Structures are given as structure tokens and as C-alpha cells.
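Asks: Pasting a structure below so you can have a look.
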Amino acid sequence: MLCERCGKNPATMHITRVINGQKTEMNICTQCAQELGHTLSFNFSPQLTFQNLLKGLMGQDVLSEFGIPGNVGERKKCPVCGLTEEQFINSGFLGCSQCYETFKDRVEQALRKIHGSAEHRGKFPAKTGGKIKVLREIENLKKALNEAVSREEFEKAAELRDKIRELEASLKD
Amino acid sequence: MNLLTNSFSPWMAGTGSDADIVVSSRIRLARNLKDIPFPHLMDENTANNVTKEIEKAISSRSFKQKFGKTEFFKLVSLAPIERQVLVEKHLISPDHADGHPRRAFACTEDERIALMINEEDHIRLQVLLPGLELRQAYDIANMVDDKLEEKLFYAFSEKYGYLTACPTNTGTGIRASTMLHLPGLTYTNQIPSLLNITAKLGLTVRGLYGEGTKARGDLYQVSNQITLGLTEEEIIENVISVTRQIINQERMAREVLYRENRYALEDELWRSYGILTNARMISSDEAMNLLSKVRLGVELKILPEIERSVFNELIVATAPAYLTNLAQRNLEPAERDRERAKIIREKLKIN
Ligand SMILES: [Zn+2]
Ligand SMILES: [Zn+2]
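So the protein lines, in turn, are chains A and B.
Sequence positions in the first sequence follow my numbering and run 161 to 333.
Sequence positions in the second sequence follow my numbering and run 24 to 374.
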């Protein structure tokens, strides 16, 4: 989203102002926020929440990819929940689990910006996670195997190799 | 409902590790059901179905056997003031109290385990324990999560982990936080630099009550920002390690305050004690501010002993919605200030 004040820079801040008891809200860029800070004494409360920051980050990409608004190319829409790419960019919210697939590129970009990673390494549900559990165990066993070999503990290495083969076979069933 | 009239919850016990500074530890897990729109896009019918499915999962006999009996209700069945009491008791978020018909809530009788249903995600599971007990809280949350999953199909991707409405929670869906009482760092003006440092570590520190850097009652919350790319254990260890560093800083700040300003400090703390044990009317702000000082005075052994649980309970017992709900009628602000002063005098009475 572009700054509603200057129309040049991407909006990074959501601002609520109260003037004569009237509440007005606008999305502006950092520069304009600074300028407004000089002219408004009190009644000025920028809300730089994580959500808005995220919105700003994604807005920037929209600009570079699609050019100025009004001149946009084709936009995706989630077949399950009906959320549009634009709605996702503007709100920072996805509509359903399928949206992660529908807006894959943009979601990955957002995840990397927020978390510095797009690879889950934590818990997985028993139902869907059976396979991952085995894969991770194999990964760990392979590490242990390499260590055993480098320490010349061949008996232990043979044991680990058997275990790995066993698990790999179980995946093929 | 006991839940709304009882001001004491187990997280207020004042027990657990480092309870002189850490009031409570909280684990929250975000979970969603597969192929069903997230709450902000769901219609009433879908919301009812989701609520029913989750209700079924927690009312199974094996769930009850493991975690105890649970209360379950839709939030529209409560009056606005009652919903506000649940916010003050840290059982639901302010958003969840907005009266939207899709919202539901469940918690065990001891209030340790709570579920917000159809908040930002279909399920927000919370475990709240006293003191610095994050690992234990996660163990419980993990078991509840496993139990729920026996009956429910979660939205999960091998690549991204648990899928949530907002990408800020994707992956583990975990938010691990500790609630800290930091009068020492507050009075020695070190809060701004604390906020700066923790932001660089991927954690956030914020005042639990009030806005910006001015936290009412000098109560702060430390929590993780990153939920993806790390394991739950790593995330929890990060929060614990930063919490421990803050605890050390706070203890040092208290020592410095006592060493350098002993007489001024003693005077200030005794005066606060004097006001709280004698006031006939007191606002919520003043109460929180003075309770923080008296609590510090008790920890420094300057003031007579008062149990930690008393201070923790007073956070809720003196809150506006709780007081109003207890009176069962609309209280004028002045009446509320009288009630609040009375409760504080009674609870602080030395035997
Ligand atoms: Zn601007
Ligand atoms: Zn969708």
C-alpha cells in the first residue's frame, strides 16, 4: 500500500489521530510520520504493530512486482476460501490452510522476513507426521554413523547402518 | 460460575522457580483444523461445526481423566462485563471478548489449561503456571495438544509446520512468555535499554498493563517472536535464558537501590504501605503503582511479610470488571474506588 499522504513511498505505519474529538485513520510512510510528528504535538499515536510492519514489508514487494496500483496483472484467488492475493497483502492474514499453497511464493517470502526461515523444525502431529518422524530419525542416525566412522568405532557403525536400513525399508511399505 | 467470582487462580500461587520476580509462565499453541476457513473468514454454520468438534474432543472421558473436568461455553452466553473478567484473569485475549457469536471458551476447573476457540485461529491452547516453569507448562500443553489431535485433523504442512491465520505464528505456533515484576529496573531507568537489547534477540518485552514503556504495576512480559525454523525446545530455552538474564539484572538493580538510597527507599516503601493499609478510596492506577512498591518492600525485607500470592491475586481482585461483576450491579467509579480500597486493606491485614 502506498502512503496516503505523499503517495510516493510505501506505507509502513498505521496512524490514528484524534482532532476535535474526530477519529481519523491513515496509512503513511515513515518519512511522513516524522514530518507529522513535528506539526502535531499531542493527540499523535503511531501504532507500529508487528501486523502493520508486515503489511508494509509485503506492500513493498507488490510495488516492485506489479508497478503502480491500477496497472496490475492477474492476481491469484484461493479456490477453497476465496481469499484474493490483494486481500492477503492488505490484511496480512491468510484465509485457510490451502492459502499456503495458493500464495506459496508470497507466503514463503513473508515467512522468511518474519522468522528468517521457511522450514519447520518443530513438532508434527502423530497422524500426518509419521513419515517425517522416520525421516528425521534417519537423518540423526546418519550423523551418528559418520561420527562413529570417524572415531573408528566400527561395531557401533555397523549397528547404526542396520538401523538406518531398517527404517528406510519401513518407508517403502 | 466460580470462574467469574473467584479471584484466585493457580498461576497466582507465588510458587515455582524465581517467584520473587517471575509471577507466571505461559505457553500458548495456535492450531487450526484442516481445510476449514480460518475464523475471520468462516460463516456461522462452519463456526458452530468447529466449536462442536472441539467440544467433543475435550469432553471425552479420556481427556477428563487426564486433565480434569472442563467448563465449556460460548462467549455470547456471558454478559460483556463477565467476558471482561476473563480478560482480567488472563484466560482470554481482549479480542476474544468482543462478543462475536463464533467465539467459544473452555478451561479446566483449576484454570491451568484454557482454550480459546475461534479467536484468530480455530484453537489457541494456553497453559499458565506460577513462577519460572516454562518447560513444565510446555509439557502439559504438549500432552493436551496430543490428546486433541487424536480426535481432530490439524492443518499441517511438512514444510511450514502448523498453519495459522497469520504468518507470524506459522510453524510451531508457539508463544512462550514469562510475566516479570521489575521495579528495580524501572526505578533505575533501565527499561528502555532492556527493550532495545531483547528486540535484537528476536524476543519482545512489553508492559503487561498500560501502553508504551510505562507499565502499570511494573509488570512486564517477555515472549518469543519467532515461531518457525526452531524447535519448541529451542524457542523455550531462548525465552528462559533471556528471562534469567533479566532476573539477574533486576536483583542487581534492587541491591543498588538499597545500597545507594537506603533511607529514601525505606521512606518511600513505608509510605506506600501506609497508604494501602489505610486508604478509603483508591484508583486502579494508584493501587497497581503502590502494590508494586509494597511488594518490592516485602521482597527486600523492609516491610512486614506478606505472601506473594496476595499480590498476584490483588492484580485481578482490584481490576475494574472483576469488582463490578462481584457487586452484581453497575458501580459508579467512586464506589469502585471504595470497594477496591476495602479489598486491599483486608488482604494486606497482618495476622
Ligand atoms: Zn508519505
Ligand atoms: Zn484459502
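All residues carry an ideal CB built from backbone N, CA and C; glycine is no exception.
Source: prediction; values computed, not measured.
(1) Please go through the same chain and pick out, in chain order, the residues whose beta-carbon is closer than 6 Å to the beta-carbon of N312 of chain B, but skip the five residues on each side of it.
(2) Can you tell me which of B:I263, B:F334 and B:P62 puts its alpha carbon nearest to the alpha carbon of H119 of chain B?
(3) Please go through the same chain and pick out, in chain order, the residues whose beta-carbon is closer than 6 Å to the beta-carbon of C241 of chain A, but skip the five residues on each side of it.
(4) May I ask whether a heavy atom of ligand 2 can be found less than 7 Å away from the beta carbon of Q247 of chain A?
(5) Spell out the partners DSSP gives L254 of chain A in its beta bridges.
(6) Taking all protein chains shown into account, decide if R282 of chain B is buried (16 or more other Cβ within 10 angstroms of its Cβ) or exposed.
(7) Leaving out five residues before and five after A310 of chain B in sequence, what residues of the same chain have Cβ atoms less than 7 Å from its Cβ?
(8) Under 8 Å between C-beta atoms, does H113 of chain B make it to chain A?
(9) Would you kindly report the start and end of the unbroken alpha helix (DSSP H) that includes K97 of chain B?
(10) Give me, in chain order, the residues of the same chain whose beta-carbon lies closer than 7 Å to that of P33 of chain B; leave out the 5 immediate sequence neighbours on both sides.
(11) Kindly say whether R171 of chain A, judged by its beta-carbon, lies nearer than 8 Å to any beta-carbon of chain B.
(12) Whose Cβ in chain A lies nearer than 9 Å to the Cβ of D169 of chain B?
(13) Is the shortest distance between the beta-carbon of A193 of chain A and the beta-carbons of chain B less than 8 Å?
(14) Per DSSP, what kind of secondary structure is A137 of chain B in: helix, strand or coil?
(15) Run through chain A and tell me which residues come within less than 7 Å of N55 of chain B, C-beta to C-beta.
(16) What residues of chain B sit near E246 of chain A, judged by a beta carbon separation below 9 Å?
(17) Specify the secondary structure class of F248 of chain A as computed by DSSP and reduced to three states.
(18) Using beta carbons (cut-off 8 Å, strictly below), is F86 of chain B in contact with chain A?
(19) By the criterion of Cβ-Cβ separation under 7 Å, what are the contact partners of S277 of chain A in chain B?
(20) So, under 8 Å CB-CB, M202 of chain B and S40 of chain B are touching, yes? Tell me the CB distance rounded to an integer number of Å.
(21) Where does I197 of chain B sit, in a helix, a strand or coil, going by DSSP?
(22) Quick test of the definition: if touching needs 3 or more C-beta pairs under 8 Å, does the segment 204 to 223 of chain B touch the segment 73 to 90 of chain B?
(23) Give me the chain A residues within the contact set of S83 of chain B, using Cβ-Cβ distance strictly less than 9 Å, ordered along the chain.
(24) So, is A318 of chain A buried or exposed, given that buried needs 16 or more other C-beta atoms within 10 angstroms?
(25) Runs of 4 residues minimum, wholly inside the segment 107 to 192 of chain B: which ones carry the alpha helix (DSSP H) assignment?
(26) Check A36 of chain B in the structure and name its three-state DSSP category.
(27) When the Cβ atoms of the segment 307 to 326 of chain A are set against those of the segment 311 to 327 of chain B, are three or more pairs found closer than 8 Å?
(28) CB A270 of chain A to CB P124 of chain B, shorter than 8 Å?
(29) Can you check which of these residues, B:K182, B:L319, B:V333 and B:E289, is closest to L253 of chain B by C-alpha distance?
(30) In three-state DSSP terms, what is V240 of chain A?
(31) May I ask you to list, following chain order, the residues of the segment 176 to 187 of chain B that have a beta carbon less than 9 Å from some beta carbon of chain A?
(32) The alpha helix (DSSP H) with S47 of chain B in it runs from where to where?
(33) Taking just the CA atoms, how far does N261 of chain B sit from S315 of chain B?
(34) Measure the C-alpha to C-alpha separation of E245 of chain A and C238 of chain A and round it to an integer number of angstroms.
(35) T195 of chain B to S307 of chain B, Cα distance in whole Å?
(36) Give me the Cα-Cα distance between D121 of chain B and Y232 of chain B, rounded to the nearest whole angstrom.
Replies: Let me spell this out:
(1) none
(2) B:P62
(3) For C241 of chain A, where only same-chain residues beyond five positions count, the Cβ hits under 6 Å are G255 and C256.
(4) Q247 of chain A Cβ: outside cutoff for every heavy atom of ligand 2.
(5) None; L254 of chain A has no bridge partner.
(6) exposed
(7) T341, R363 and I367, listed in sequence order.
(8) no
(9) Segment T93 to K97 is the beta strand (DSSP E) holding K97 of chain B; no alpha helix (DSSP H) there.
(10) D133, E134, R135 and P153, listed in sequence order.
(11) Note on identity: in this sequence residue 171 of chain A is Ala, with Arg being the wrong assignment. Chain B, which has no Cβ nearer than 8 Å to the Cβ of A171 of chain A, makes this no.
(12) Taking the beta carbon of D169 of chain B as reference, the chain A residues within 9 Å of it are P285 and A286, listed in sequence order.
(13) no
(14) strand
(15) Going along chain A in sequence order, the residues near N55 of chain B (Cβ under 7 Å) are S257.
(16) Per Cβ cutoff of 9 Å: no residues; E246 of chain A is ~15 Å from chain B at best.
(17) helix
(18) With 8 Å as the cut-off, F86 of chain B does not count as an interface residue toward chain A.
(19) Ordered by position in chain B, the residues that pass the 7 Å Cβ test against S277 of chain A are L251 and G252.
(20) Between S40 of chain B and M202 of chain B the Cβ distance is about 14 Å, and since that is not below 8 Å, they are no contact.
(21) strand
(22) With the cut-off at 8 Å, the segment 204 to 223 of chain B and the segment 73 to 90 of chain B do not touch.
(23) In chain order: nothing, as chain A lies at least about 16 Å away.
(24) Burial call: exposed.
(25) Fully enclosed alpha helix (DSSP H) runs of 4 or longer: 157 to 174.
(26) Residue state for A36 of chain B is assigned as coil, using DSSP reduced to three classes.
(27) Judged by Cβ distances under 8 Å, the segment 307 to 326 of chain A makes no contact with the segment 311 to 327 of chain B, as fewer than three pairs qualify.
(28) no
(29) B:K182
(30) coil
(31) Within the segment 176 to 187 of chain B, those residues whose Cβ lies closer than 9 Å to any Cβ of chain A are, in chain order, F176, Y177, A178, F179, S180, E181, K182, Y183, G184, Y185, L186 and T187.
(32) That residue, S47 of chain B, is in no alpha helix (DSSP H); its beta strand (DSSP E) goes V45 to R54.
(33) 27 Å
(34) 8 Å
(35) 37 Å
(36) 19 Å
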